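Reviewing the structure listed below.
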Amino acid sequence: MPSPEAHAKIAVAAQPRVNVRPAVNVLFFGDVVGGVATDQIIFNLAKMRDQHRVDIVIVNAENCAPTGLGMTTKQVEALLDAGVDLITGGNHSWDSPDSVDALANPKVIRPLNLCDGVPGRGIAWLDHAGETVTVLNLADACAMKSVRATAGKFRPAYSAWREADRRGTVIVDYHGDHVLEKQIFARAVDGQAAAVLGTHTHEATRALHILPGGTALVSDVGMTGPDGGVQGFAYDGFVAGLTTVGDPFAPPLPSPLDGPIVLGAVLLEIEAGRTTRIQRITEWPPA
246 MPSPEAHAKI AVAAQPRVNV RPAVNVLFFG DVVGGVATDQ IIFNLAKMRD QHRVDIVIVN
306 AENCAPTGLG MTTKQVEALL DAGVDLITGG NHSWDSPDSV DALANPKVIR PLNLCDGVPG
366 RGIAWLDHAG ETVTVLNLAD ACAMKSVRAT AGKFRPAYSA WREADRRGTV IVDYHGDHVL
426 EKQIFARAVD GQAAAVLGTH THEATRALHI LPGGTALVSD VGMTGPDGGV QGFAYDGFVA
486 GLTTVGDPFA PPLPSPLDGP IVLGAVLLEI EAGRTTRIQR ITEWPPA
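For the sequence shown, the working numbering gives the first residue as 246, with consecutive numbering after it.
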């Protein structure tokens, strides 16, 4: 769990500017693991929107299926019906049998830095008070290396960024293993993106950054899922695979753990395309 220091707000004084665009508050949930965690978001989202004065909700739901692997149309539609504005993904976006149908939803995106022919899209444009908010989903090579649906179709994240149709306020979900890559990318786009939000490891990083150009950087937002296991899953199967055949991922794969649901999310306050405040959200609303 992140330390108490990570919960504190980080603020940067907004610079005076002409033709100020509408401010926008964005609530971003890190990797959601399993059906129980999905239901927890659905149950609490309206309260959270009111409590934090949220304008846009983005959820990385590549693990929202009841198995914890992939996204089903049922779970996706339930999240959207509950008030989620956009769903992002990663290497597990294609795991479910109905993944192609889930990815066909215009409010669902997956990593953009893939060649043509891979189901889904990697960019979306939202509207807030007449202002366009562009959301890009990117991934690093390590996260995508074992994905059959994208084999041989991966391309560098920065190349996809340069070619993307970025309008207005820009937010990036960077799905990857390597903190170094996420930090370098954020420095490269500082002042061009409002936020670079890391996902994939399920482990929340302590530091919350606002770079000089106004780009928020979180190396990993963390997980919204069962606490006490391995990335939200029961650990027995992983341990058995490691100790018997030397492969923790040997079948059968474990299911999400039956445990309390931890909340891994961040709240961004963005003005004129720059983040002015960022804070971790780790507590569900009171019952």
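A virtual CB, placed ideally from N, CA and C, is assigned to each residue, including glycine. Owing to the predicted nature of the structure, the values given are computational and were not obtained by experimental measurement.
Does the beta-carbon of Lys-292 have 16 or more other beta-carbons within 10 angstroms, so that it is buried, or is it exposed? exposed
Cβ pair Val-417, Trp-406 closer than 9 Å: yes
Determine the burial state of Pro-531: buried for a count of at least 16 other Cβ atoms within 10 Å of its Cβ, exposed for fewer. exposed
Of the residues Gln-524, Ala-495, Trp-370 and Pro-471, the one placed nearest Ile-506, counting alpha carbons only: Pro-471
Proximity winner among Pro-497, Gly-473, Arg-355 and Ala-439, relative to Ala-384 (alpha-carbon distances): Arg-355
When you compare only the Cα positions, how much space is there between Ala-327 and Lys-319? 12 Å
If you pair each beta-carbon of the stretch 275-294 with each one of the stretch 309-319, do three or more pairs fall below 8 Å? yes
Among Asp-435, Glu-322 and Thr-469, which has the Cα closest to the Cα of Val-353? Glu-322
Reduced DSSP secondary structure (H/G/I, E/B, other) of Ala-259: Any answer about Ala-259 is weak, because its pLDDT of 43 lies below 50 and its placement is not dependable; what the coordinates show is given next. Three-state DSSP puts Ala-259 in coil, outside helix and strand.
Per-residue DSSP class, three states only, for Val-424: helix
Per DSSP, what are the beta-bridge partners of Arg-412 in this structure? Paired residue(s): none; Arg-412 is not in a bridge.
So what does DSSP say about His-454, is it helix, strand or coil? strand
Backbone CA spacing between Glu-448 and Gly-413 [nearest angstrom]: 30 Å
Buried or exposed: Ser-344, going by 16 or more other Cβ atoms within 10 Å of its Cβ? buried
Looking at the structure shown, is Gly-509 part of a helix, part of a strand, or coil, going by DSSP? coil
Thr-488 by DSSP, collapsed to three states: which one? helix
Mind pulling the beta strand (DSSP E) runs of 3 or more residues that sit fully within the stretch 298-335? 301-305 and 331-333
As a quick exercise: from Gly-362, Pro-364, Asn-358 and Asp-372, pick the residue whose alpha carbon is nearest that of Leu-381. Asn-358
Take every Cβ of the stretch 459-469, pair it with every Cβ of the stretch 480-493, and state whether three or more of those distances are shorter than 8 Å. no
For Leu-348, I'd like the list of residues in its chain whose CB is within less than 7 Å of its CB, leaving aside the five on either flank, ordered along the chain. Ser-338, Arg-355, Pro-364 and Gly-365
Contacts around Ala-268, its chain only, beta-carbon distance under 6 Å, and the 5 residues preceding and following it disregarded: Glu-516
Just grab the DSSP bridge partners of His-373 for me. Glu-376
Do Asn-350 and Ile-332 come within 9 Å of each other at the CB atom, strictly closer than that value? yes
Could you pull the start and end residues of the beta strand (DSSP E) that Leu-348 belongs to? Here Leu-348 belongs to no beta strand (DSSP E); instead the alpha helix (DSSP H) covers 344-348.
Hey, would you say Asn-305 sits closer than 9 Å to Val-434, going by beta carbons? no
Among Ile-303, Gly-443, Arg-432 and Asp-295, nearest to Thr-325 - alpha-carbon criterion: As written in the sequence, residue 325 is Leu, which differs from the Thr given in the question. It is Ile-303.
Hey, Gly-455 and Thr-377: beta-carbon distance below 9 Å or not? Looking at the sequence shown, residue 455 is not Gly but Ile. Cβ distance not < 9 Å, so Ile-455 and Thr-377 don't count as in contact.
Excluding the five sequence neighbours on either side, which residues of its own chain have a C-beta within less than 7 Å of the C-beta of Asp-295, listed in chain order? none
First and last residue of the beta strand (DSSP E) that includes Gln-524? 519-526
Following the continuous beta strand (DSSP E) through Gly-443, name the residue where it begins and the one where it ends. 440-444
According to DSSP, which residues form a beta bridge with Tyr-419? Leu-383 and Gly-443
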